[in-house]
Amino acid sequence: MLLAIYTVSFIDRNILYVVAPSIQAELKLNDAELGLLSGLAFALFYATMALPIARVAERRSRITLMAGALFLWSAMTAISGAASKFWHLFAARLGVGVGEGACTPCAQSIICDLYPPEKRATALSTYAIGVPLGILIGGMGGALAAEMVGWRGAFVIAAVPGLLLALILYLTVPEPVRGGCEPVAYVDNAAPSFLDVVRTLWRSPSFRHTAMGYAAAGIPGTSLQIFFIIFLVRVHGMEQFHAGMAYGLVAGITGAIGMFFGGRIVDFFGKRDIRAYGYVPAITFLCLPPLLIAALTRDSLFAMTAIIVIPAIVYVFNIGASYAVTNNLVEPRMRATTNAILLMIITLFSAGLGPALVGWASDALADWHFGGGYGTLCSGGAGATDAVRTRCAGAAAAGLRYALILASLFYLWGAVHYFRLAAIIRGEMSR
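This note's numbering applies: residue 13 is where the sequence shown begins, and numbers increase by one.
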């Protein structure tokens with residue numbers, strides 16, 4: 013059930029990315045505005061609302077909270093289809109963020125009550141398969157829905173599964189016992205105060221490096237998710253429908269493979285040496301920038317696809333490891349709040365900062381490539397004459413290509429933090 017809910021969460025997120033070219037054309041949005049819609053609008057409330065909701069989850073039924081939140085974000089997804097201006101859609105995406113902010117803190121707290129520490133990376137990465145499943149269904153289904161009923165109808169269709177799941181979750185799933193799988197007998201005391209949780213995490217260098225490593229890696233990861241369909245349209249000349257189908261199929265399958273094996277690889281090596289929880293993500297992130305640069309600079313669609321499959325599989329290897337480390341550092345009544353704090357840090361960087369920076373960089377680099385005046389002459393990539401349209405299209409493609417290449421370098425920053433995690437985690441976990 014948790015996997016299904018997380019899948020719906022990413023369907024509702026990805027539907028915007030799939031129909032972004034149509035939205036840009038109809039609402040006359042540039043890449044910077046699209047970055048704000050796709051990232052900041054969602055991230056602001058997704059990150060900030062996760063904390064107060066998590067505090068309630070430490071004391072109240074997490075199942076009830078998730079059911080209410082699922083209904084809210086699904087309803088706001090449907091409302092997104094009625095937007096006629098940038099700010100209308102921005103407000104609707106804020107509402108989606110409010111609802112989805114309750115999902116992961118509650119779900120991960122529940123999972124940790126159902127699985128012991130040595131199996132949590134596997135369990136949490138299995139839950140995270142909802143990301144690629146949501147991309148697969150949202151990408152292919154969203155492209156098909158947009159082709160049949162337009163981008164507005166696609167938002168409404170995407171909202172239906174969440175509304176139904178909210179009712180099923182509320183009526184059929186019981187609240188699990190807290191601390192049911194702790195390695196020692198757990199006394200279920202009252203939830204610690206928010207300041208106690210913050211102090212615990214602030215004193216933990218393992219948490220600090222995990223959070224910053226994940227956040228840094230999230231900047232290129234989220235930006236590629238948001239802008240990749242537009243990249244296929246601009247650089248490789250694909251139609252929106254085919255680009256959405258290709259994105260959903262490739263990203264969904266590769267992401268599912270990565271999620272499935274990533275947590276298992278970390279747990280396998282982590283049983284022998286706990287430093288694997290840092291080394292596996294760190295080594296992975298060192299390899300990603302050259303692979304992504306090689307893929308993004310290919311003019312052949314086949315060559316680009318063949319190369320990008322590898323980073324598309326391994327870029328998620330840090331997820332199970334990061335959440336396992338974080339949840340193993342704290343007691344059960346701290347986990348919903350701890351996950352919310354981690355989520356807030358990750359989301360503000362990856363979804364809040366990343367797409368906005370890439371959108372701004374794309375517009376700036378397109379203007380540089382165009383020779384000035386891109387924003388005036390190329391609203392939405394269109395110009396007054398065929399010659400100007402051709403120049404606008406070339407500038408838009410070049411700007412986005414090099415903006416994504418620059419974003420890939422943030423993986424190196426993430427690798428540094430995960431190497432530091434590997435150096436300190438053994439000492440901290442043994443206390």
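Just so it is clear, CB atoms sit at the ideal spot from N, CA and C, and this is done for glycine as well. Because the structure is a prediction, the values reported are computed rather than measured.
Asked, Found
"Buried or exposed: where does D125 fall if 16 or more other Cβ atoms within 10 Å of its Cβ makes it buried?", "buried"
"Give a single yes or no on whether A178 has its beta carbon closer than 6 Å to a heavy atom of the ligand MN.", "Ligands in the displayed structure: none, and consequently the ligand MN is not present."
"Taking 7 Å as the limit between beta carbons, can you name the residues of its chain near C118, skipping five residues before and five after?", "A69, R74, L77, M78, A348"
"Are the stretch 205–215 and the stretch 336–354 touching by the rule of at least three beta carbon pairs closer than 8 Å?", "yes"
"Among T138, G51, L177, G142, whose alpha-carbon lies nearest the alpha-carbon of L106?", "G51"
"Tell me which same chain residues have a C-beta within less than 6 Å of the C-beta of L148, skipping the five on either side of it?", "G260, G264"
"How should F314 be labelled, buried or exposed, when 16 other C-beta atoms within 10 angstroms of its C-beta is the threshold for buried?", "exposed"
"Would you please state the rounded distance, in angstroms, between the beta carbons of G275 and G332? I believe it to be under 8 Å.", "3 Å"
"Which residue wins for smallest C-alpha separation from T134, given the options L421, L424, T350, F329?", "F329"
"By the 10 Å Cβ neighbour count, where 16 or more other Cβ atoms means buried, how is A318 classified, buried or exposed?", "exposed"
"Look at the alpha carbon of F273 and the alpha carbon of S334, and state the distance between them as a whole number of angstroms.", "15 Å"
"Between the C-alpha atoms of I122 and M271, what's the straight-line distance to the nearest angstrom?", "19 Å"
"Identify the continuous alpha helix (DSSP H) that holds I295 and give its terminal residues.", "288–308"
"Alpha carbons only, please: which of W163, M160, P188, P144 is nearest the one belonging to Q120?", "P188"
"To the nearest angstrom, how far is the alpha carbon of I1 from that of L341?", "It is not possible to answer for residue 1, since the shown part of the chain is limited to 13 through 443."
"Could you have a look at P128 and say whether DSSP puts it in helix, strand or coil?", "coil"
"V20: buried (16+ other C-beta within 10 angstroms of its C-beta) or exposed?", "buried"
"Considering Cα atoms alone, identify which of L63, G153, A158 is closest to A114.", "L63"
"In terms of alpha-carbon separation, which member of K97, L176, L136 lies closest to G80?", "L176"
"Could you tell me the distance, in whole angstroms, from the CA atom of A87 to the CA atom of N42?", "27 Å"
"Just confirm the distance between the C-beta atoms of A258 and L244, as a whole number of angstroms; I'd bet it's less than 8 Å.", "7 Å"
"Kindly indicate the opening and closing residues of the alpha helix (DSSP H) around S86.", "74–92"
"May I have the straight-line CA-CA distance separating G395 from L389, to the nearest angstrom?", "The predicted model places G395 with a pLDDT of 48, which falls under 50 and marks its position as unreliable; any figure quoted below should be read in that light. Taking the straight line joining both Cα atoms gives about 6 Å."
"In chain order, what residues of the same chain lie with their CB nearer than 7 Å to the CB of V428, ignoring the 5 residues before and after it?", "none"
"Out of A140, D208, Y291, S362, which one is the CA nearest neighbour of G267?", "A140"
"Tell me the DSSP secondary structure of I23 in three-state form.", "helix"
"Pairing CB atoms from the stretch 276–286 with CB atoms from the stretch 295–302, are three or more of them under 8 Å?", "no"
"Kindly provide the ranges of any alpha helix (DSSP H) runs that are 4 or more residues long and lie completely inside the stretch 339–426, ordered along the chain.", "347–359, 366–382, 386–389, 398–420"
"Once DSSP output is grouped into helix, strand and coil, what is the label at S50?", "helix"
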